[in-house]
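Asker: Just so we're aligned, residue 7 is where the sequence shown starts under the numbering used here, counting upward by one.
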Amino acid sequence: MNAITEAVSLSNSVDMTNFWMPFTGNRQFKAAPRILKSAKDMHFTTMDGQKVLDASAGLWCVNAGHGRAEIIEAVHKQMQELDYAPPFQMAHPLAFEAAKVVAGVMPKGLDRIFFANSGSEAVDTALKMALAYHRSRGEAQRTRLIGRERGYSGVGFGGISVGGIVANRKAYSANLIPGVDHLPHTHSIPDMGFSKGQPQWGMHLADHLESLCALHDASTIAAVIVEPVAGSTGVLVPPVGYLQRLRELCTKHGILLIFDEVITGFGRLGKATASEFFGVTPDMITMAKAINNASIPMSAVAAQTHIYDAILNASPANAIEMFHGYTYSSHPAAAAACLATQEIYKREKLFDRSLALAPKFEKAIHALRGEPYVKDIRNLGLMGAVELESRAGAPGARAYDVFLKCLEMGVLVRYTGDSLAFSPPLIVSEDQIDEIFNTVKKAIHLVA
Ligand SMILES: Cc1ncc(COP(=O)(O)O)c(C=O)c1O
7 MNAITEAVSL
17 SNSVDMTNFW
27 MPFTGNRQFK
37 AAPRILKSAK
47 DMHFTTMDGQ
57 KVLDASAGLW
67 CVNAGHGRAE
77 IIEAVHKQMQ
87 ELDYAPPFQM
97 AHPLAFEAAK
107 VVAGVMPKGL
117 DRIFFANSGS
127 EAVDTALKMA
137 LAYHRSRGEA
147 QRTRLIGRER
157 GYSGVGFGGI
167 SVGGIVANRK
177 AYSANLIPGV
187 DHLPHTHSIP
197 DMGFSKGQPQ
207 WGMHLADHLE
217 SLCALHDAST
227 IAAVIVEPVA
237 GSTGVLVPPV
247 GYLQRLRELC
257 TKHGILLIFD
267 EVITGFGRLG
277 KATASEFFGV
287 TPDMITMAKA
297 INNASIPMSA
307 VAAQTHIYDA
317 ILNASPANAI
327 EMFHGYTYSS
337 HPAAAAACLA
347 TQEIYKREKL
357 FDRSLALAPK
367 FEKAIHALRG
377 EPYVKDIRNL
387 GLMGAVELES
397 RAGAPGARAY
407 DVFLKCLEMG
417 VLVRYTGDSL
427 AFSPPLIVSE
437 DQIDEIFNTV
447 KKAIHLVA
């Protein structure tokens with residue numbers, strides 16, 4: 007049964023009036039809903055029993071695959087023992103254990119872990135930490151934040167301000183946080199189209215930070231935040247040397263470098279972090295999603311020890327040092343899920359698996375070159391995108407139709423603008439990688 011037929015039967019049985027869906031065309035969806043009922047390993051099952059191969063790990067987050075028994079059991083056990091503990095002025099053991107385990111897979115030095123519940127909250131937390139850090143060191147004038155065009159750093163006011171996705175910003179433009187500037191994005195099809203892995207062209211774009219330092223004076227800039235690989239905008243892989251150059255310039259000018267690893271964290275590139283993969287150590291890393299296999303909302307900021315120390319030492323010993331936190335920071339169920347997930351990653355060597363599968367993934371995605379309307383293909387690790395030519399006057403319509411056709415044929419992909427994005431769980435098999443891209447190829451032919 008195809009998605010539309012399924013939708014009709016479902017809409018007869020479920021009243022969809024009240025749920026205001028996020029980042030969804032509500033009217034379009036409710037006219038032809040796509041509803042998932044269950045999931046196991048690499049597959050979802052829809053309401054009418056159709057199995058759908060998950061080519062996007064949900065939203066770039068279910069890295070260990072769906073329905074992992076160890077995570078479910080750990081959460082169940084934790085909920086029976088301690089369903090909730092206030093995280094302000096009180097704590098529970100798993101919060102400390104989870105922080106230790108997460109710190110253990112971060113690059114050396116990023117060993118202070120602050121928990122939140124979403125990538126957006128992690129980003130806002132990191133931005134606040136940057137401001138608090140400079141203030142605590144007597145550099146309170148460092149208030150400016152630098153993001154990047156086409157960056158996605160969540161949907162809080164901090165995140166959309168440093169972010170560079172126009173649609174996410176324009177309705178709120180008068181209320182974005184002040185004192186923000188942006189680096190140029192790193193994508194240029196004429197210069198780097200169809201690059202396999204990191205493009206050779208584009209390192210010089212990092213030097214734009216020098217221009218911003220000249221314009222604003224470096225002493226006013228608190229932090230630069232970028233996704234090491236920009237995910238949501240359609241997988242923009244950093245040019246060779248680009249992240250290293252950003253690191254050099256931030257160090258030179260006393261600016262904190264924040265890597266938003268909400269997507270790249272936990273094995274997407276074959277290492278725990280993109281920072282480790284690229285050999286570039288930022289001052290802070292934001293993470294979420296795969297931190298606990300997306301089973302319970304959880305995110306975190308990993309900060310360098312000296313950032314934690316500077317902020318703590320600026321206050322009297324008995325004072326709250328940072329007036330920030332969330333009711334559900336380090337929630338017991340989320341922490342239990344985090345520990346169980348990290349154990350799975352380790353035991354099953356899933357990051358190594360991701361690294362080993364990357365060449366196969368690269369070959370399979372680039373085999374789509376030359377298919378109708380394929381304008382660019384980009385990849386790194388187990389993430390990639392196929393960008394299609396837009397239909398005249400209807401940006402996004404072609405990718406949406408391909409997405410629907412793939413779903414009908416049993417594969418869930420993501421689309422953003424006219425790019426199809428891929429980030430399968432790290433347990434994906436080689437045959438499933440072929441299934442994903444063979445299905446996309448057929449879908450492009452059928453609907454393009
Ligand atoms: C790089 C990045 N940062 C932040 C976020 C926001 O995360 P959340 O949706 O959990 O708020 C996302 C979400 O996809 C992301 O990709």
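Where a beta carbon is used, it is the ideal one built from N, C-alpha and C, also for glycine.
Say yes only if the C-beta of VAL129 is nearer than 7 Å to one or more non-hydrogen atoms of ligand 1, and no if none qualify.
Answerer: As a working mapping, residue 129 is identified with position 123 in the sequence shown. Answer for VAL129: yes, Cβ within range of ligand 1.
Asker: Assign SER305 to one of three DSSP states: helix, strand, or coil.
Answerer: To locate residue 305, count along the sequence shown from 1; it is residue 299. Three-state DSSP puts SER305 in a strand.
Asker: Under a three-way DSSP split, which group does ARG397 fall into?
Answerer: Sequence index remark: in the sequence shown, residue 397 carries index 391 (1-based). DSSP places ARG397 in strand when its eight states are reduced to three.
Asker: State the beta-bridge partners of THR422 as determined by DSSP.
Answerer: As a first step, residue 422 is located in the sequence shown; it is residue number 416 there, counting from the start. In DSSP, THR422 forms a bridge with SER425.
Asker: If GLY276 sits next to ALA296, beta carbons under 8 Å apart, how far is it from one beta carbon to the other, in whole angstroms?
Answerer: Mapped onto the sequence shown, residue 276 falls at position 270. Mapped onto the sequence shown, residue 296 falls at position 290. No, GLY276 and ALA296 are not in contact; Cβ-Cβ is about 13 Å, not under 8 Å.
Asker: Can you list the beta strand (DSSP E) stretches of 3 or more residues lying completely in the stretch 242-308, in chain order?
Answerer: DSSP runs (the beta strand (DSSP E)) wholly in the stretch 242-308: 262-266, 290-293.
Asker: Consult DSSP for PHE25 and reduce its assignment to one of helix, strand or coil.
Answerer: Within the sequence shown, numbered from 1, the residue matching residue 25 stands at position 19. Three-state result, PHE25: coil.
Asker: Looking only at C-alpha atoms, which of ARG375, GLY110, ALA146, GLN56 sits nearest to LYS352?
Answerer: As a position in the sequence shown, residue 352 is number 346, starting the count at 1. Nearest C-alpha to LYS352: GLY110.
Asker: Does the stretch 354-373 come within contact of the stretch 426-439, defined as at least 3 CB pairs closer than 8 Å?
Answerer: Verdict: yes, contact present.
Asker: Just checking my contact of TYR334 with ILE450 at CB under 8 Å: how many whole Å lie between their CB atoms?
Answerer: Looking up residue 334 in the sequence shown gives position 328. Looking up residue 450 in the sequence shown gives position 444. Actually they do not touch by this definition, with Cβ atoms about 42 Å apart.
Asker: Any heavy atom of ligand 1 inside 7 Å of the beta-carbon of LEU231?
Answerer: Position 225 of the sequence shown holds residue 231. Here residue 231 turns out to be Ile, not Leu, going by the sequence shown. No, since every heavy atom of ligand 1 falls outside the 7 Å radius drawn around the Cβ of ILE231.
Asker: Can you tell me whether TYR334 sits near ligand 1, meaning its C-beta is under 7 Å from at least one heavy atom of the ligand?
Answerer: By one-based count along the sequence shown, residue 334 stands at place 328. It does not: the Cβ of TYR334 is nowhere closer than 7 Å to a heavy atom of ligand 1.
Asker: With DSSP run on the structure shown, which of helix, strand or coil describes MET7?
Answerer: Locating residue 7 in the sequence shown gives position 1, where the first residue counts as 1. Residue confidence for MET7 is low, a pLDDT of 35 falling below 50, so the modelled location carries little weight and cannot support an answer.
Asker: Terminal residues of the continuous beta strand (DSSP E) containing SER238?
Answerer: Within the sequence shown, residue 238 is the residue found at index 232, counting from 1. Neither: SER238 is in no beta strand (DSSP E) and is coded neither H nor E.
Asker: With a threshold of 7 Å on Cβ separation, who are the neighbours of LEU345 within its own chain once the five nearest residues in sequence on each side are excluded?
Answerer: Position 339 of the sequence shown holds residue 345. So the list reads ALA80, LEU100, GLU103, ALA104, VAL107, once near-sequence residues are dropped.
Asker: What is the DSSP secondary structure of ALA346, counted as helix, strand or coil?
Answerer: For this step, residue 346 is matched to residue 340 along the sequence shown. In this structure, ALA346 counts as helix in the three-state DSSP scheme.
Asker: Does the beta-carbon of TYR158, which I'm using as the reference point, lie nearer than 7 Å to any heavy atom of ligand 1?
Answerer: Translated into positions along the sequence shown, residue 158 becomes position 152. Correct: TYR158 has its Cβ closer than 7 Å to ligand 1.
Asker: Give the straight-line distance between the Cα atoms of ILE41 and ARG404, rounded to the nearest whole angstrom.
Answerer: Here residue 41 corresponds to residue number 35 of the sequence shown, with the count starting at 1. Here residue 404 corresponds to residue number 398 of the sequence shown, with the count starting at 1. Answer to the nearest angstrom: the Cα atoms are 22 Å apart.
Asker: When the Cα of ARG359 is compared with those of ASN69, ASN32, MET53, ARG150, which residue comes out closest?
Answerer: Residue mapping note: residue 359 aligns to position 353 of the sequence shown, counting from 1. Measuring from the Cα of ARG359, the nearest candidate turns out to be ASN69.
Asker: I'd like the ranges of any alpha helix (DSSP H) spanning at least 4 consecutive residues and lying wholly in the stretch 307-333.
Answerer: Within the stretch 307-333, the complete alpha helix (DSSP H) runs of at least 4 residues are 311-319.
Asker: Report the residue ranges of all alpha helix (DSSP H) runs contained in full by the stretch 150-212; include only those spanning at least 4 residues, in chain order.
Answerer: Whole alpha helix (DSSP H) segments, 4+ residues: 163-168, 172-175, 195-198.
Asker: Counting pairs of Cβ atoms below 8 Å between the stretch 280-288 and the stretch 46-57, do you hit three or more?
Answerer: They do not touch, by the three-pair rule.
Asker: Ordered along the chain, which non-local residues of its own chain (more than five positions away) have a Cβ less than 6 Å from that of SER301?
Answerer: Position 295 of the sequence shown, counting from 1, holds the residue named residue 301. Correct list, in chain order: ILE77, ALA343.
Asker: From the DSSP output, read off the bridge partner residues of ARG384.
Answerer: For the purposes of this step, residue 384 is identified with residue 378 of the sequence shown, where counting begins at 1. Partner(s): ALA391.
Asker: Our contact map puts VAL129 next to ASP266 with C-beta atoms below 8 Å; I'd like the distance itself, whole angstroms only.
Answerer: Within the sequence shown, numbered from 1, the residue matching residue 129 stands at position 123. Within the sequence shown, numbered from 1, the residue matching residue 266 stands at position 260. So it is a contact: roughly 6 Å between Cβ atoms.
Asker: Is DSSP giving ASP358 helix, strand or coil here?
Answerer: Stepping through the sequence shown from its first residue, residue 358 is reached at position 352. Three-state DSSP puts ASP358 in a helix.
Asker: Could you name each continuous alpha helix (DSSP H) segment of 4 residues or more that falls completely within the stretch 77-162, going from the start of the chain to the end?
Answerer: Those alpha helix (DSSP H) runs which fall completely within the stretch 77-162 and span 4+ residues are 99-111, 125-142.
Asker: Taking the alpha carbon of MET290 as the point to measure from, which residue in ILE264, MET304, HIS312 has its own alpha carbon closest?
Answerer: For the purposes of this step, residue 290 is taken as the residue at position 284 of the sequence shown. Residue ILE264 is the option with its Cα nearest to MET290.
Asker: Report the rounded CA-to-CA distance for LEU218 versus ILE227, giving the unit in angstroms.
Answerer: Walking along the sequence shown from the start, residue 218 turns up at place 212. Walking along the sequence shown from the start, residue 227 turns up at place 221. For LEU218 and ILE227, the distance between alpha carbons rounds to 9 Å.
Asker: At a cut of 8 Å, does the stretch 109-127 reach the stretch 161-174 through at least three beta carbon pairs?
Answerer: Taking 8 Å as the limit for Cβ pairs, the verdict is that the stretch 161-174 does touch the stretch 109-127.
Asker: Out of ALA136, THR239, ASP197, which one is the CA nearest neighbour of PRO245?
Answerer: If you number the sequence shown from 1, residue 245 lands on position 239. Of ALA136, THR239, ASP197, the residue nearest in Cα terms is ASP197.
Asker: Quick check on SER225: does DSSP put it in helix, strand or coil?
Answerer: Counted from its first residue, the sequence shown places residue 225 at position 219. DSSP places SER225 in helix when its eight states are reduced to three.
Asker: Comparing alpha-carbon positions, which option in VAL392, THR347, CYS256, PHE29 lies nearest PHE367?
Answerer: Translated into the one-based positions of the sequence shown, residue 367 becomes position 361. Of VAL392, THR347, CYS256, PHE29, the residue nearest in Cα terms is VAL392.
Asker: Keeping to the same chain, check which residues put their C-beta closer than 8 Å to that of ASN32; ignore five residues upstream and five downstream.
Answerer: Locating residue 32 in the sequence shown gives position 26, counting from the first residue. Excluding residues within five positions, the ones whose Cβ falls inside 8 Å are TRP26.
Asker: Between which residues of its own chain and LEU388 is the CB-CB distance below 7 Å, once the five residues before and five after are set aside?
Answerer: Residue numbering aside, residue 388 sits at position 382 when the sequence shown is read from its first letter. Closer than 7 Å at the Cβ level, and outside the excluded window around LEU388, lie ARG274, SER360, LEU363, ALA364, PHE367, SER429, PRO430, LEU432.
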